[in-house]
Every structure is written in structure tokens, then in C-alpha cells.
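Below: one structure, written as C-alpha cells.
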Amino acid sequence: MRNVKILLPCSVFLFAVSIMLLIVTHRAEAIEAPAQEPHAAATAYFNAYISKSVEGMLSYSVDKNYLDNKSRKKAYQENAKSDTIISYKIVNSKSISSTQMDISVQLTYSDIGTIPAIPYSVIRYDDGWKVLVKPIEINMNKNSPQFGEIKDGTPMYQIKYTDN
Numbered sequence: 719m720r721n722v723k724i725l726l727p728c729s730v731f732l733f734a735v736s737i738m739l740l741i742v743t744h745r746a747e748a749i750e751a752p753a754q755e756p757h758a759a760a761t762a763y764f765n766a767y768i769s770k771s772v773e774g775m776l777s778y779s780v781d782k783n784y785l786d787n788k789s790r791k792k793a794y795q796e797n798a799k800s801d802t803i804i805s806y807k808i809v810n811s812k813s814i815s816s817t818q819m820d821i822s823v824q825l826t827y828s829d830i831g832t833i834p835a836i837p838y839s840v841i842r843y844d845d846g847w848k849v850l851v852k853p854i855e856i857n858m859n860k861n862s863p864q865f866g867e868i869k870d871g872t873p874m875y876q877i878k879y880t881d882n
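Start counting the sequence shown at 719; every next residue gets the next number (our numbering).
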């Protein structure tokens, strides 16, 4: 009878630990599970951006602004501290091929409002679908006839900053 009393609390403890591991594993998989279709990848990436989930953004994107994931993660963490993004809307999507879908996304910020729709590609890589983030420049001058015009930009790693 004594052995039963000792085993019962151990069994309950092991059961509780198993459940906790299952929950933790499930949550980790939810963040890092590869997207199986382009809309899911885009939604996961922009939801991560809105919620400032650096790990989610890293998982669901390839960003040409950075040379490596270490510098990208550091920049995302810094940006999350001050970014005023509050919502997004995928306003257009077009399947280009079995490995690419192009989308246009309208972003809204608490300080500057809604900006012109930005083009993105969602690409199928070996580890799932991901949003391809490219360096761009957007003309935000509302008085300009080219307001909202988007052109290729300079990657962050190539920009030289001075203290002047």
C-alpha cells in the first residue's frame, strides 16, 4: 500500500509535466511551423509584424535589407520598440507561378495613418512559403505628383550613417 501512495503522486507529477511539455511544444510549433500556402505565410508575417513578434517575423520572411539573421533579428527588436504599426490589409493578390504570389499590402500607423499599398512577393522556399521583403523607397510627400510612388531602395546594410 505504501508503494501505491508514493507512485500516485509521482504519476500525477509526470502527467502534469507531460501536459506542460505538450503545450510548450505546440506553442513553439505554431510560431515556427512552415506556411503551407502563400496567404497563410503573408497573414502570419503581417500578424507577427503587428504584434511585434520578432520570432514570427523571422520565421515567415526573407528580408533582403540584411546580410544575416543576426543583424536582422537585432534590427527587428530595435524597430519593435518604436514602430507605430496598428493594422494591415492585403488589398490585392495575384498568383504568378506555383512558387510565387504577388500581394499589395496597405499598412496603417498610429502616427502617420495609412500609407500607399506596398508590393510584396510571397515565395515558396524549401522550408515553406515566406514573404520576400525588399528595400524600397516610398514617396510620402502628399503634395508631390508622385505621391505613393514606390521604387527600389538601398538595403539597410549598405546605408552609412554619420554622427554629423
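We put the CB at the ideal spot given by N, CA and C, even for glycine. From a predicted model like this one, the values you see are computed outputs, not experimental measurements.
Host alpha helix (DSSP H) of residue i (start-end)
{"i": "threonine 761", "result": "756-769"}
{"i": "glycine 774", "result": "772-777"}
{"i": "asparagine 787", "result": "787-800"}
Residue i and residue j closer than 9 Å at C-beta
{"i": "threonine 826", "j": "tyrosine 806", "result": "yes"}
{"i": "glycine 846", "j": "alanine 753", "result": "yes"}
{"i": "serine 822", "j": "isoleucine 836", "result": "yes"}
{"i": "isoleucine 808", "j": "phenylalanine 764", "result": "yes"}
{"i": "valine 849", "j": "alanine 760", "result": "yes"}
{"i": "serine 828", "j": "threonine 802", "result": "yes"}
{"i": "alanine 758", "j": "serine 777", "result": "no"}
Terminal residues of the beta strand (DSSP E) in which residue i lies
{"i": "lysine 848", "result": "846-851"}
{"i": "tyrosine 784", "result": "Per DSSP, tyrosine 784 belongs to no beta strand (DSSP E) and is neither H nor E."}
{"i": "tyrosine 875", "result": "It is not in any beta strand (DSSP E) - tyrosine 875 carries neither H nor E in the DSSP assignment."}
{"i": "glutamate 867", "result": "Run containing glutamate 867: none; DSSP gives neither H nor E here."}
{"i": "asparagine 810", "result": "803-815"}
{"i": "methionine 819", "result": "818-827"}
Residues near residue i by beta carbon distance below 8 Å, same chain, minus five either side
{"i": "leucine 739", "result": "Low local confidence applies: a pLDDT of 43 at leucine 739 is under 50, so the model's placement there is unreliable, and no value is given."}
{"i": "alanine 798", "result": "Lys770, Val772"}
Proximity winner among the options, relative to residue i (alpha-carbon distances)
{"i": "glutamine 876", "options": "Lys791, Asp829, Asn783", "result": "Asn783"}
{"i": "aspartate 870", "options": "Lys860, Ile854, Gln864", "result": "Ile854"}
{"i": "glutamine 824", "options": "Ile856, Arg842, Ala798, Ile841", "result": "Ile856"}
{"i": "serine 800", "options": "Gln818, Gly774, Ser769", "result": "Ser769"}
{"i": "proline 756", "options": "Met819, Thr872, Met775", "result": "Met819"}
{"i": "tyrosine 843", "options": "Ala798, Asn859, Glu867, Ser779", "result": "Ser779"}
Short CB-CB distance (under 9 Å) between residue i and chain C
{"i": "aspartate 870", "result": "Here there is only one protein chain, and chain C is not present."}
Nonlocal neighbours in the same chain, by C-beta distance under 7 Å from residue i, ignoring five residues either side
{"i": "aspartate 781", "result": "Arg790, Val851"}
{"i": "asparagine 859", "result": "Phe865"}
{"i": "proline 873", "result": "Lys782, Asn783, Pro853"}
{"i": "methionine 775", "result": "Tyr763, Ala766, Tyr767, Tyr794"}
Residues near residue i in its chain [Cβ-Cβ closer than 6 Å; skip 5 each side]
{"i": "serine 862", "result": "none"}
{"i": "serine 839", "result": "Gln818, Asp820, Leu850"}
{"i": "isoleucine 868", "result": "Ile854, Ile856"}
Per the contact definition of three or more C-beta pairs closer than 8 Å, is the stretch 808-823 in contact with the stretch 779-795? The stretch 779-795 and the stretch 808-823 do not touch, with fewer than 3 CB-CB distances between them shorter than 8 Å.
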